[in-house]
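Residue numbers (the UniProt record's numbering): 1 to 152. We put the CB at the ideal spot given by N, CA and C, even for glycine.
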Amino acid sequence: MSEPKAVSSLADRLDRLFRTMHPAGRAEYTYEEVAAAIRESGTMISHTYVWQLRKGMRDNPTMRHLEGLARFFGVPTSYFLDEDTAEIDAQLQLLAALREAPVRTIALRAADLSPAGLAAIQAMVEHARSLEGLPGLPNGDVDAPEGPGRNG
């Protein structure tokens, strides 16, 4: 999977949500679905306006529109307002990765491993990534697993 790109504009952030936040096994939400859900929560918005925001043709929505979009996609409203969205972008990348069945299976099967077992799995994944020419972790390492080992 590619590294998340730096997200800067409202259109970039909204596009990232459309591409990432949809049920597994189906395409992105349609503009009609998003607008209808926001209208159901009491904020008037058209599917055309949602499309214009995503495409960058409009870039100054009301706070109510931002709140509606944030509520629909399950992110804080600040995602559209703050300059630093790195943490939310990392969570979106994780959600996108977990949508893939093999990734989800590996994550679920690794859940009860000890810190040593998790370190071994991490090393195998990093080795496989290097064999395929994929980049390693940005900082070269990850934090140690939290909490005591469950099986050892």
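{"Query": "Sequence-distant residues of the same chain with beta carbon closer than 6 Å to Asp15, five excluded per side", "Result": "Arg54"}
{"Query": "Local conformation of Ser114 per DSSP, three classes", "Result": "coil"}
{"Query": "Three-way DSSP call (helix, strand, coil) for Val75 in this model", "Result": "coil"}
{"Query": "Extent of the continuous alpha helix (DSSP H) run through residue 171", "Result": "With the chain covering 1 to 152 only, the question about residue 171 has no answer from this structure."}
{"Query": "Length of the line joining the Cα atoms of Arg129 and Gly136", "Result": "7 Å"}
{"Query": "Contacts around Tyr49, its chain only, beta-carbon distance under 7 Å, and the 5 residues preceding and following it disregarded", "Result": "Arg58"}
{"Query": "Glu83, enclosing alpha helix (DSSP H) - first and last residue", "Result": "From DSSP, Glu83 is part of no alpha helix (DSSP H); its letter is neither H nor E."}
{"Query": "8 Å contact criterion, which Ser41 and Gly68 should meet: CB distance rounded", "Result": "6 Å"}
{"Query": "Nearest residue (CA-CA) to Ala101, options Pro23, Tyr79 and Leu17", "Result": "Pro23"}
{"Query": "Unbroken alpha helix (DSSP H) run spanning Ile38, endpoints", "Result": "Tyr31 to Glu40"}
{"Query": "Unbroken alpha helix (DSSP H) run spanning Thr62, endpoints", "Result": "Where Thr62 is concerned, there is no enclosing alpha helix (DSSP H), given that its DSSP letter is neither H nor E."}
{"Query": "For Ser2, the three-state DSSP class (helix, strand or coil)", "Result": "Confidence is the limiting factor: at Ser2 the pLDDT is only 47, short of 50, which leaves the residue's position unreliable and the question unanswerable from this model."}
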